[in-house]
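Protein chains in written order, with my numbering: chain A, 95 to 304; chain B, 95 to 304. Following: one structure in structure tokens, then a few remarks.
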DNA sequence: CACCGGATCCGGTAAACACCTGATTCGTCG
DNA sequence: CGACGAATCAGGTGTTTACCGGATCCGGTG
């Protein structure tokens with residue numbers, strides 16, 4: 095039985111390329127989605143063996159989407175596929191429970207190998223990832239993380255993408271007032287008082303692309 | 095004789111995916127490079143029929159690389175492959191002599207079609223590209239790179255920095271209503287409807303730091 | 001000169017935002 | 001079990017935005 099893969103990347107052209115590569119390696123693409131929210135939805139319906147997640151995606155970023163997926167399907171193996179090699183991202187990914195971290199500048203063979211490794215229960219990190227920071231994670235040291243809860247981050251991303259509070263509420267299936275509460279708490283935690291600074295924060299954090 | 099293609103993208107994994115897709119369509123990949131400088135070098139040695147260029151690349155960006163390529167091989171057709179749909183980028187690309195502009199969120203079929211079209215001497219732009227600005231380019235080639243007036247840019251920057259309209263007015267020594275007018279005109283010109291998108295535009299433009 | 005575009009100003013309105021308070025449910029952790 | 005944080009919802013208030021319209025002044029350019 096071939097490995098069933100969920101493929102998430104907001105660039106259709108890239109996704110189709112990845113699909114061609116992975117299918118050529120004998121994997122089965124369970125589904126192909128363009129944003130994190132879709133990815134989580136698909137995972138809830140049909141648990142994939144492996145989820146290959148781009149980091150920067152609209153609606154819900156790859157990291158928080160990964161958390162969702164892992165909550166829905168704890169047996170799924172998540173591989174982050176990204177252009178960021180920064181320690182911060184790697185660490186967050188590992189902490190979220192990702193089993194693989196592959197940078198896009200690596201060859202496709204690297205991704206294929208990552209999929210095989212995580213399927214065997216191993217972890218796989220692309221060459222070039224700082225080993226020191228990984229050690230730090232494994233010895234569970236405390237590195238400053240961002241103070242926001244996943245839900246708050248979710249709301250922040252949507253707001254930074256230009257959604258109104260009402261739209262955010264609609265997208266998340268919560269009431270307008272709840273969405274507003276999250277937004278307010280984000281602002282208070284970050285000591286930010288306008289949307290503009292919120293957007294810049296989200297960009298700095300890599301939550302959204304400028 | 096198959097179309098000989100030069101493929102430039104800094105993400106190896108993406109490049110390999112594109113190669114798989116394009117070879118499946120019967121094209122010949124003349125070379126595959128990871129930055130703009132390499133692309134220009136290869137083009138000088140072996141003129142490609144078509145150059146598929148990513149926009150964001152190290153060493154030399156796709157746009158300036160395209161200029162180099164066209165200087166070396168005026169008969170080559172350049173297609174920009176990018177994630178930016180901003181008028182500014184499109185316009186710059188067209189002005190540089192690019193014959194195609196394909197956004198990565200489109201299907202691979204779009205790129206294939208673009209290659210065929212430019213080979214036939216036609217221009218090809220992905221759906222979603224603002225037709226008005228393209229028309230403007232085609233009619234009179236001296237279109238402002240930046241549609242904003244200096245004053246409007248000034249207001250945009252302050253707004254993106256998190257200032258309220260009232261504060262902007264105070265800082266510029268103009269009335270609240272005037273500041274609002276500028277802000278409105280910026281939004282209308284850029285077809286933007288919320289502060290969040292305004293901020294992202296300013297960041298992309300390098301007007302402010304994220 | 002007459003026209004145009006940039007910059008300035010002003011009126012109004014509905015929606016969204018920024019900020020506050022207080023409350024309930026739920027899972028986790030000591 | 002009880003405390004706690006996360007997530008949910010709701011009431012209210014004043015400010016700001018987004019968008020509409022029209023207007024004046026001024027410096028170039030045809």
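Each residue gets a CB set at the ideal place from its N, CA and C atoms; glycine is no exception. Values in this document were obtained by computation on a predicted structure and should not be read as measured data.
query: Would you mind giving the Cβ-Cβ distance between residue 248(B) and residue 219(B), rounded to the nearest angstrom? I have them listed as a contact below 8 angstroms.; result: No, residue 248(B) and residue 219(B) are not in contact; Cβ-Cβ is about 32 angstroms, not under 8 angstroms.
query: Please list, in chain order, all residues of the same chain as residue 217(A) whose beta carbon is under 6 angstroms from its beta carbon, the five residues on each side excluded.; result: 193
query: Between the C-alpha atoms of residue 171(B) and residue 148(B), what's the straight-line distance to the nearest angstrom?; result: 14 angstroms
query: Could you round the C-beta distance between residue 222(B) and residue 197(B) to whole angstroms and report it? I think they count as a contact, below 8 angstroms.; result: 6 angstroms
query: Note the first and the last residue of the continuous alpha helix (DSSP H) segment covering residue 120(A).; result: Per DSSP, residue 120(A) belongs to no alpha helix (DSSP H) and is neither H nor E.
query: What would DSSP say about residue 140(A), mapped onto helix, strand or coil?; result: coil
query: Report yes or no: is there a C-beta of chain B within less than 7 angstroms of the C-beta of residue 280(A)?; result: no
query: Residue 194(B) by DSSP, collapsed to three states: which one?; result: strand
query: Terminal residues of the continuous alpha helix (DSSP H) containing residue 209(B)?; result: 202-213
query: By how many angstroms is the C-alpha of residue 253(B) removed from the C-alpha of residue 301(B)?; result: 11 angstroms
query: With a threshold of 7 angstroms on Cβ separation, who are the neighbours of residue 52(A) within its own chain once the five nearest residues in sequence on each side are excluded?; result: Here chain A has residues from 95 to 304 only, and residue 52(A) is not among them.
query: Decide if residue 203(A) is buried, meaning its Cβ has at least 16 other Cβ atoms within 10 Å, or exposed.; result: exposed
query: If we cut at 7 angstroms on Cβ distances, does residue 289(A) have a partner in chain B?; result: yes
query: Taking 7 angstroms as the threshold (beta carbon to beta carbon), is residue 194(B) in contact with chain A?; result: no
query: With H, G and I counted as helix, E and B as strand and the rest as coil, what does DSSP make of residue 283(B)?; result: helix
query: With contact counted as at least three CB pairs below 8 angstroms, one residue from each stretch, are the stretch 134-150 of chain B and the stretch 128-140 of chain A in contact?; result: no
query: Which one of 177(B), 271(B), 257(B) and 286(B) has the shortest CA to CA distance from residue 257(A)?; result: 286(B)
query: If you check the beta carbons only, do residue 101(A) and residue 109(A) fall under 7 angstroms apart?; result: yes
query: Which chain B residues sit within Cβ distance under 9 angstroms of residue 251(A)?; result: What residue 251(A) touches in chain B: nothing, since even the nearest Cβ is about 11 angstroms away.
query: So, for residue 303(A): in the same chain, excluding its five sequence neighbours on each side, which residues have a beta-carbon less than 7 angstroms away from its beta-carbon?; result: 150
query: What did DSSP end up calling residue 289(B) once you bin it into helix, strand or coil?; result: helix
query: Please list the residues of the stretch 161-183 of chain A that have a C-beta atom closer than 8 angstroms to any C-beta atom in chain B, keeping them in chain order.; result: 175 and 177
query: Are the CB atoms of residue 195(A) and residue 187(A) nearer to each other than 7 angstroms?; result: yes
query: Can you tell me the Cα-Cα spacing of residue 104(B) and residue 245(A), whole angstroms?; result: 33 angstroms
query: How would you list, in chain order, the residues of chain A whose beta-carbon sits under 9 angstroms from the beta-carbon of residue 254(B)?; result: 290, 293 and 294
query: Shorter than 7 angstroms from the beta carbon of residue 285(A) to some beta carbon of chain B?; result: no
query: Which one or two residues does DSSP pair with residue 272(B) in a beta bridge?; result: DSSP output for residue 272(B) lists no bridge partner at all.
query: State yes or no: is the C-beta of residue 96(A) within less than 7 angstroms of the C-beta of residue 130(A)?; result: no
query: Residues in the stretch 95-116 of chain B with C-beta within 7 angstroms of chain A's C-beta atoms, listed in sequence order?; result: 104, 105, 106, 107, 108, 110, 111, 112, 114 and 115
query: Could you work out which residues of chain A lie near residue 82(B), taking near to mean beta carbons separated by less than 8 angstroms?; result: Limits of chain B in this structure are 95 at one end and 304 at the other, which puts residue 82(B) out of reach.
query: For chain B, check one thing: does any of its Cβ atoms lie closer than 7 angstroms to the Cβ of residue 277(A)?; result: no
query: Whole angstroms are fine: how far does the CA of residue 179(B) sit from the CA of residue 276(A)?; result: 31 angstroms
query: With DSSP run on the structure shown, which of helix, strand or coil describes residue 171(B)?; result: strand
query: Have a look at residue 122(B) and residue 146(B) and give me their C-alpha separation to the nearest angstrom.; result: 12 angstroms
query: Residue 259(A): buried (16+ other C-beta within 10 angstroms of its C-beta) or exposed?; result: buried
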